[in-house]
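J.: Residue numbers (the numbering used here): 1 to 303.
Each residue gets a CB set at the ideal place from its N, CA and C atoms; glycine is no exception.
All figures in this text were calculated on a predicted structure; none of them were measured in a lab.
Below, the structure written as structure tokens:
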């Protein structure tokens with residue numbers, strides 16, 4: 001009688017995991033250092049408050065205040081106003097920008113379009129400019145004493161102001177739309193290019209062509225790309241900072257806490273680091289909730 005020893009077989013899954021680990025670890029380490037550690041640190045700091053005595057000349061005491069900073073934030077009219085302004089800009093600008101980007105992508109993707117390379121580059125160029133430079137150029141066009149648009153309107157008897165309290169949100173939304181439409185158009189155009197040709201050929205045989213094919217076939221198929229651009233746009237709008245801070249030079253009526261990021265920077269400059277961390281955590285939480293809501297609302301699968 002011969003005895004056989006069991007042969008141990010390595011699991012393919014664990015073997016693949018070990019092979020992939022050296023490639024994944026650098027990303028995980030960078031992600032933890034750049035994102036997770038600062039986030040956890042900000043959350044911890046938001047639970048404390050610094051109290052100074054003697055008009056700031058005395059000792060410094062750090063107290064654990066639980067959610068006191070959050071209660072202070074949600075009763076701060078300046079911060080609540082900044083959230084409302086960013087929400088207004090997002091509601092105005094994001095849908096308009098995505099509609100324009102989708103329309104441009106559909107036009108370039110059409111069979112009758114000519115000069116596709118030129119128009120792709122032309123639409124993408126504004127995104128290549130730094131945000132501060134774009135804001136400076138638009139500030140020149142918005143400035144009451146420098147803008148040729150304002151001067152032309154004044155010549156025909158029209159009192160036009162791009163920096164009044166009611167017009168500032170629309171002026172900022174215009175800068176964002178001009179800068180980011182080309183970027184989103186490229187993403188949507190790439191998704192359109194991935195649509196199998198046989199699907200469009202079958203639609204043409206059924207008599208579905210032109211804008212009808214674009215709206216009924218192409219748009220539903222690029223729905224995941226639309227969802228991605230929508231989430232990216234929500235995140236970008238919540239981080240609004242460069243445009244309003246640049247426009248302060250031509251709009252003195254623009255408050256220093258016009259956006260949540262500007263409000264956090266305001267308190268950071270005032271050495272209230274704990275309250276600034278609280279505002280940052282709230283902004284991050286709001287963005288996460290909005291992103292989850294968008295994904296849940298668009299949970300319909302595209303086969």
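Under three-state DSSP, which class holds residue 42?
T.: In the structure shown, residue 42 adopts helical secondary structure according to DSSP, grouped into three states.
J.: Might you give, ordered along the chain, the residues of its own chain that have their beta carbon closer than 8 Å to the beta carbon of residue 225, omitting 5 neighbours on each side?
T.: Cβ-Cβ distances below 8 Å link residue 225 to 187, 188, 190 and 191 in the same chain, with the five nearest sequence neighbours on each side left out; the list follows chain order.
J.: Measuring straight from C-alpha to C-alpha, what distance separates residue 263 and residue 286?
T.: The C-alpha of residue 263 lies about 15 Å from the C-alpha of residue 286.
J.: Which class does residue 52 belong to by DSSP, given the choice of helix, strand or coil?
T.: strand
J.: Do residue 105 and residue 167 count as a contact pair if the criterion is CB distance below 8 Å?
T.: Between residue 167 and residue 105, the C-beta spacing is not below 8 Å.
J.: Check this for me: beta carbons of residue 165 and residue 253, under 8 Å apart or not?
T.: yes
J.: When burial is assigned at 16 or more other CB atoms within 10 Å of the CB, is residue 14 buried or exposed?
T.: exposed
J.: Would you mind listing the alpha helix (DSSP H) stretches within the stretch 110-146 that are 4+ residues and don't spill past its ends, in chain order?
T.: 116-128 and 131-142
J.: For residue 98, which residues from the same chain have a beta carbon less than 8 Å from its beta carbon, with the 5 sequence-adjacent residues on both sides left out?
T.: 184, 226, 229, 230 and 233
J.: Check residue 151 in the structure and name its three-state DSSP category.
T.: helix
J.: If you reduce the DSSP assignment to three classes, tell me which class residue 63 lands in.
T.: DSSP places residue 63 in strand when its eight states are reduced to three.
J.: So, at 6 Å on beta carbons, what are the nonlocal neighbours of residue 52 in its own chain, with the 5 sequence-adjacent residues on each side left out?
T.: 60
J.: Which residue from 16, 69 and 18 puts its Cα closest to that of residue 50?
T.: 69
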